[in-house]
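Going down the list, the protein sequences come from chains L, F and Y.
For the first sequence, my numbering puts the final residue at 100, and the numbers step up evenly by one.
For the second sequence, my numbering puts the final residue at 1497, and the numbers step up evenly by one.
For the third sequence, my numbering puts the final residue at 2480, and the numbers step up evenly by one.
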Amino acid sequence: MERLKIDEIKKLSRQSGLRLKDKEAVKLQEDLEELSCYLSKLEDIAVPETYEAIEEGYWMHKNKTPLRKDRVEDFDQKERLRRNAPKRNQNYVTVPKVMD
Amino acid sequence: MDNQRLTIQQIQKKLIDKKLSAEELFKETLDKIKEKEHKIRAFISLTEEEVLTKGRALDRKLQKGASLGNLEGALYSVKDNIMVKNLKCTCASEMLKNFIAPYDGESVAEVNNAGGISLGKTNMDEFAMGSTTEHSAFKVTRNPRDYRRLAGGSSGGSAAAVAAGFGQFSLGTDTGGSIRQPAALSGVLGIKPTYGLVSRMGLVSFAPSMDQIGILANNAWDMARVLETIQGPASSKDYTLVRRKPVAYHRRLESIVEDQESKKEKLLKGITIGIPGEFFEIPLEKDVEKALNQGMERLKDHGAILISLSIPHFHYSLSAYHVLTMVEAVSNLARFDGVAYGNRASKYESIIDVVEKSRGQGFGDEVKRRLILGNYILSKEKVSLARAKRVQELLKRDFQKAFQQADLLFTPTTHVTAFKPGKRSNSPVDMQLLDQLTVPASLAGLPAVSVPCGNPENLPVGGQLIGNYFDEPVLLRGALGIETLSETMDPEQIKVR
Amino acid sequence: MNFQTVIGLEIHVELNTKTKIFCGCKNEASREPNENICPTCMGYPGSLPRLNQKVVDYALKAAMGLNCEIQRSTHMDRKHYFYPDLPKGYQITQAAKPLGINGQLYLEKAKKTVRIQRIHMEEDTAKMMHRKESTEIDYNRSGVPLIEIVTAPDISNEKELLEFLEELKNLLSFFEISDLKMEEGSLRCDLNINVVDQDRDIKTPVMEVKNLNSFKGAVKACLYEQRRLLETLETGCELTKETRGWDQKKEETKTLRKKEDSLEYQYFIEPEILPLQLSEGKVRNTASRIPELPQKKRSRFKEQYDLPDYDVRILTKNPYVADFFEQTVLVCYAPKRISNWIMTQLLSEMPRGLEGFKELPLKPKDFGKLMALMEGGKIPKKVGEKILKEIIITGENPKRVLENRNLGPITDEQEIREIVKELINKHRKALQDYQKKPGKTINFFMGKGMERTGGRLDPCKLREAIKQELLLINQQKKEE
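Structure representation (structure tokens):
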């Protein structure tokens, strides 16, 4: 596996919602090399050809989803949910202005 | 008299027979905590004040002669990534250091309904990513058997609490061995149930396809009792559960023991135990090897037949596990953006700032590392993801073949005994080997339990039993087999009454 | 320049189930923000999604209505991106295996088929209110169930666009799965548009246009963007693919974000929602309960009731007006009159327009009785209209209203004579014209008579009475 460039690592970090300093990005270059050891161990595993085959083995057991009846269930601690907001205005959650 | 050695059933008997009051019993535990917790550091939050009040209430109930709930008389702790209403749920992370849980996780609610009383929330590796609690943002937990050493992880706090006698059991979580490994290193029992048996509602998942809530306890009886209580209810909000009729695990274990006794048969007569060669190819510490051999002897003493078998895809499991869990972690931790709850950076100008700074400050290095590696796989190595999933499929098949020949599998839980801080944690690869033996059962979703083996004078060693899907009754029977006839247990323990 | 406009649509329909898609919170607009919330729709750690059965049912119906192939075995996926209105940091949607694929909608006016590439279920995001210095988030909308409909780029101009939107709304209204109001956000449409210069064989990149608030707005935005893209083709200006927002006030589109800036969605299968497997029986059952859809209904109405296209289009706009019409016809077979009355008199009394037919107090049987009264000549149109004004609110039997309000026809000749005399006395001036223009005078008094009695006078008898009286007066004058 080729060593990833620093700005590629920085792009990956933005993808992860993080902002890395150069020092941290360098450390990750090394970590990625270690990861490649793990990945190379998987190389001789044949991948299923069809999407259906991938889907087949995806969940742990072969059960299908139960469906919920369309009945109202009111949560009883709404004020706690609102209070957990780091910044709020009356009952809204506040963030810096988003350009839309 | 050290009531720590008693099963919950025995405790309840003592309480009913008025040989002991709940308040006295609880005070014993609280004293122990006062004496040793500052050295062990098992807890992130403690709720001692309520415990005595509840103890007195229980005594009043006993006075009236009311019947006791399944777990009444027991004190327990909860790993800090499971929601306990109105308590902080930090996941040992700066990101959630002030986050108050608005609801109870389903297993917690069930334990509470059965009468269990909570001591508090236990320490762990941040978001359960780690194997020693050294990645906790707040503190490092020490091993009650040797304070210089670690208790393992990520449920290190839970394992240490149970080993130190802080309560009869603890609810922990196990994704790749996070209950079993610290249980082994701390000298207690730890079970990861079948995936889909226990509700994950209320568990802060990082790898939803493998995470499970499980139990750490001092003996197999208590483990059975708690498992009976926390198995997913029919009305569960976890729709990934496998819907089944509830099983009375404790009663089942009792009947098996009674049965064998009445037939004058050994406990494990008729049980075949497979020894998968690949698990033993890893270089084991001398003490571990010795203890495991003793474990196997014990199993044979109980009448089990041991056979060799193979799990051919064993060597791919660690790689597959890491690929899958890193990717799932990326997804499950995406919700921590500083917007509606959790840590928000104090200085920010734009919404990107809110996200990046809150996460930057909130997450520790190990978490950040895994997120970026996980994103790397999603962006550039999607084929590895498909391969890892395929390994999962292949391992499941390997195990199914094995279970055609044996009822249970027996392997070491870890290849080492408890170690000192910093010794291993500087090399991520070395750390990850700690998971090598526990990961296969996680990938396959099979139930597995770690039981203390070997000489109690030495550092603890755990032997791992792996069972087939929903075969917890057999697993518990095997666990009972290993722990009895062991020097840690009173011979009295074999009998229930 | 020979150019071709290529338009594809991405439409979101907000379903009107009682609860949200993955949790039991109420799915309804609330005046208070953050009222219909729970850990699941706020993306709290430890929460798990539970798929609402009704959402699957509704999505299945919509997919069938649009002639889609149903993928009976399907699942959901996670689409990741960071945005303050997305609490989990990912949206649960169906990327890889949408519930319905390869459908179509035929446009009768444009005479073309628009292909429907896919229909799938997904959850809505929270609502952001942009204030002066900050943005405020309301999670009432987070987790509201949506179906997304994506068309192939088969639409070529704003007329087809409008017809498609109207036809789609018309069709979906028959399933009663959504309020379908663009102004309220229960029907949303994004355009994907580009323009091809056929002479030089060059094309502009595809522009995504969002924030369309009405069908009119969509048409205007389409025309605006088409013009803008054509200009760039003419001037040779280079453009990049981007997302643009329609500004309703300024009537123009502006850049929202360029596509290159975006990070990847990192799609993968949602592990917490187990596979959805619809049985053949379920699919057949749903198919058998699909109501008669608009296009079929229109052709049947044309044939069966011999009505013109214009009428038929309105009468089949939604299931309520269509049923109202047909049930009225059963009571009084006068389809054209009924159609006219529905389109003019009835609608003019309904502030909510055609939607109002859903909860009209006036029942078809009573409306039919009213029609019958007019068909039978028992009451004139004006009286009918008067009665309608009342019964549309009260839902009363028109015959009773007729009696109580004294709206019945006045046929008693004596009574009519008296009225005519009264009118003549009042309007003596009009008599002057009688000699020269007798017809005009008669008509004058006809009008006054009808006005005076609200159209209740029997016209023939009135005319007779007026003639008689005028003759009498004339004779009297002559004698004087």
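We put the CB at the ideal spot given by N, CA and C, even for glycine.
Sequence-distant residues of its chain with Cβ nearer than 6 Å to residue i (five each side left out)
{"i": "residue 2033 of chain Y", "result": "2138"}
{"i": "residue 89 of chain L", "result": "none"}
{"i": "residue 2444 of chain Y", "result": "2430"}
{"i": "residue 1467 of chain F", "result": "1408, 1447, 1474 and 1475"}
DSSP state of residue i mapped onto helix, strand, coil
{"i": "residue 1294 of chain F", "result": "helix"}
{"i": "residue 2073 of chain Y", "result": "strand"}
{"i": "residue 2117 of chain Y", "result": "strand"}
{"i": "residue 1135 of chain F", "result": "coil"}
{"i": "residue 1221 of chain F", "result": "helix"}
{"i": "residue 2215 of chain Y", "result": "helix"}
{"i": "residue 2300 of chain Y", "result": "helix"}
{"i": "residue 2130 of chain Y", "result": "strand"}
{"i": "residue 1308 of chain F", "result": "strand"}
{"i": "residue 1142 of chain F", "result": "strand"}
{"i": "residue 2449 of chain Y", "result": "helix"}
{"i": "residue 1076 of chain F", "result": "strand"}
{"i": "residue 92 of chain L", "result": "strand"}
{"i": "residue 43 of chain L", "result": "coil"}
{"i": "residue 1554 of chain F", "result": "There is no way to answer for residue 1554 of chain F, as the model of chain F reaches only from 1001 to 1497."}
{"i": "residue 2182 of chain Y", "result": "helix"}
{"i": "residue 1234 of chain F", "result": "coil"}
8 Å Cβ shell around residue i - same chain, five flanking residues per side excluded
{"i": "residue 1492 of chain F", "result": "At residue 1492 of chain F the pLDDT is 42, less than 50, meaning the model places this residue with poor confidence and gives no usable figure here."}
{"i": "residue 1047 of chain F", "result": "1087, 1118, 1119 and 1120"}
Residue i at chain Y interface by Cβ criterion, 7 Å
{"i": "residue 1202 of chain F", "result": "yes"}
{"i": "residue 1109 of chain F", "result": "no"}
{"i": "residue 1210 of chain F", "result": "no"}
{"i": "residue 1337 of chain F", "result": "yes"}
{"i": "residue 1325 of chain F", "result": "no"}
{"i": "residue 1391 of chain F", "result": "no"}
{"i": "residue 94 of chain L", "result": "yes"}
Test: residue i CB closer than 7 Å to a CB of chain L
{"i": "residue 2145 of chain Y", "result": "no"}
{"i": "residue 1005 of chain F", "result": "no"}
{"i": "residue 1128 of chain F", "result": "no"}
Pair within 7 Å by beta-carbon distance, residue i and residue j
{"i": "residue 1093 of chain F", "j": "residue 1128 of chain F", "result": "no"}
{"i": "residue 1282 of chain F", "j": "residue 1415 of chain F", "result": "yes"}
{"i": "residue 2172 of chain Y", "j": "residue 2222 of chain Y", "result": "no"}
{"i": "residue 1447 of chain F", "j": "residue 1252 of chain F", "result": "no"}
{"i": "residue 2124 of chain Y", "j": "residue 2146 of chain Y", "result": "yes"}
{"i": "residue 1524 of chain F", "j": "residue 1475 of chain F", "result": "Nothing about residue 1524 of chain F can be reported from this structure: the residues present for chain F run from 1001 to 1497 only."}
{"i": "residue 1158 of chain F", "j": "residue 1122 of chain F", "result": "yes"}
{"i": "residue 2142 of chain Y", "j": "residue 2087 of chain Y", "result": "yes"}
{"i": "residue 2148 of chain Y", "j": "residue 2122 of chain Y", "result": "yes"}
{"i": "residue 1372 of chain F", "j": "residue 12 of chain L", "result": "yes"}
Continuous alpha helix (DSSP H) stretch holding residue i: start and end
{"i": "residue 1387 of chain F", "result": "1382-1405"}
{"i": "residue 2339 of chain Y", "result": "2335-2341"}
{"i": "residue 1483 of chain F", "result": "1472-1483"}
{"i": "residue 2164 of chain Y", "result": "2158-2173"}
Sequence-distant residues of the same chain with beta carbon closer than 7 Å to residue i, five excluded per side
{"i": "residue 2151 of chain Y", "result": "2008, 2009, 2114, 2115, 2116 and 2117"}
{"i": "residue 1116 of chain F", "result": "1071, 1074 and 1076"}
{"i": "residue 1495 of chain F", "result": "Confidence at residue 1495 of chain F is low in this model, with a pLDDT of 41, below 50, so its placement is unreliable and the value that follows should be read with caution. Within the same chain, residue 1495 of chain F has no close Cβ partners at all."}
{"i": "residue 1136 of chain F", "result": "1092, 1123, 1124, 1125 and 1126"}
Within-7 Å CB hit, residue i to chain F
{"i": "residue 29 of chain L", "result": "no"}
{"i": "residue 2097 of chain Y", "result": "no"}
{"i": "residue 53 of chain L", "result": "no"}
{"i": "residue 89 of chain L", "result": "no"}
{"i": "residue 2272 of chain Y", "result": "yes"}
{"i": "residue 2046 of chain Y", "result": "yes"}
Where the beta strand (DSSP E) containing residue i begins and where it ends
{"i": "residue 2283 of chain Y", "result": "Per DSSP, residue 2283 of chain Y belongs to no beta strand (DSSP E); it is in the alpha helix (DSSP H), 2280-2288."}
{"i": "residue 2100 of chain Y", "result": "2100-2107"}
{"i": "residue 1464 of chain F", "result": "1461-1467"}
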